[in-house]
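A.B. asks: Residue 245, in my numbering, is where the sequence shown stops; the numbers in between run on with no holes. Starting off with a structure, shown below.
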Amino acid sequence: MMQEVKEIIKNSNNIVFFGGAGVSTASGLPDFRSATGLYNKENNSNYSPEYMLSHEFFQNHPDEFSTYIRENLMVDGVLPNDCHYALAKLEKMGKLQGIITQNIDGLHQKSGSKNVIELHGTLNDYYCTNCGEKYDFAYANKFTSTPRCQKCDGIVRPDIVLYGEGLNQDYISHAINLISHADVLIIGGTSLAVYPAAGLIDFYNGNKLILINKDDTGKESAADFVLKGDISKIMKELVEDIDER
């Protein structure tokens, strides 16, 4: 099956990739839902991790929210892995038309990818909830407590989608357009458990849906090809023989 998928990728110039937390675990970032993921990690709070990543918690406990984000999500110095670089290579060759990611770490861009839709936002961007002034990771990372706006002293928060907040509809529309017109759809490193993002795959109209994941997602029957294992190793192998010329 691996060889067949290699040929499909080699022969297509209209590939779309849809990925989740598993894409970044090879870079040392934890996922959310696995046994060793963030949601199963012990914390000293009386609140669940899901609640601490909600709009309601941010509104009611901004200091605890900021501490949780800083200690669990704001990981500096993390580098892309072979999956990120394989996708960047395919984009550079004109074969990959876009990446749709549920990740907020910005590693796709670090590896050189440009056509990236970040459905859940990014930890590289921050803004003041009072005046809207924009900041970056370096600014927010300087604080040991809640980041504050240097213009109005308002609370600065990451530009990510929290539980209870809606996704950017322009991003959704763009993602639907990419998927619905794709020849090949590669889904990787995601449990396909988070909606509405997971529902996007229903817009795929082709017959080359490639599912890559370590664990079962429950969507295997919908895929045309299923590759089990480490996505960084699998993606590297899938593209290493493709001539960049």
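Glycine is no exception: its CB is placed at the ideal position from the N, C-alpha and C atoms. Small disclaimer: the values here were computed from a predicted structure and weren't measured.
Going by beta carbon distance, what residues of the same chain come within less than 6 Å of R245, once the five residues before and after it are set aside?
C.D. replies: Any reading at R245 needs caution, since the residue's pLDDT is 49, under 50, leaving its predicted position unreliable; the model's value is listed next. Excluding residues within five positions, none has a Cβ falling inside 6 Å.
A.B. asks: I'd like to check one pair, G206 with L185: are the Cβ atoms closer than 8 Å?
C.D. replies: A contact, by the Cβ cut-off of 8 Å.
A.B. asks: Would you kindly report the start and end of the unbroken beta strand (DSSP E) that includes E118?
C.D. replies: First-last of the beta strand (DSSP E) with E118: 116–118.
A.B. asks: What is the C-beta distance between E133 and Y139, in whole angstroms, given that I count them as a contact (C-beta under 8 Å)?
C.D. replies: No, E133 and Y139 are not in contact; Cβ-Cβ is about 10 Å, not under 8 Å.
A.B. asks: From the DSSP secondary-structure annotation, give me the bridge partner or partners of V184.
C.D. replies: Its beta-bridge partners are I15.
A.B. asks: Do you know whose CA, among D136, V78, Y204, N130, lies nearest F18's CA?
C.D. replies: The shortest C-alpha separation from F18 is found at Y204.
A.B. asks: In three-state terms, what does DSSP make of F143?
C.D. replies: Coil.
A.B. asks: Can you give the beta carbon distance from D231 to G189, rounded, assuming they're within the 8 Å contact cut?
C.D. replies: Checking the sequence, you will find Ile at residue 231 rather than Asp. I231 to G189, Cβ: 5 Å. Contact.
A.B. asks: Less than 7 Å between the CB of G188 and some heavy atom of the ligand HEM, yes or no?
C.D. replies: Among the ligands in the structure shown, none appear at all, so the ligand HEM cannot be discussed.
A.B. asks: Tell me the DSSP secondary structure of L90 in three-state form.
C.D. replies: Looking at L90 - three-state DSSP - the assignment turns out to be helix.
A.B. asks: F57 to G94, Cα distance in whole Å?
C.D. replies: About 43 Å.
A.B. asks: Can you check whether the CB of V239 is closer than 8 Å to the CB of K92?
C.D. replies: No, Cβ-Cβ distance for K92 and V239 is not below 8 Å.
A.B. asks: Hey, how far is the Cα of Y135 from the Cα of D125?
C.D. replies: So the alpha carbons of these two residues sit roughly 6 Å apart.
A.B. asks: N14 and D183 - do their beta-carbons sit closer together than 8 Å?
C.D. replies: In this structure, N14 lies closer than 8 Å to D183 by Cβ.
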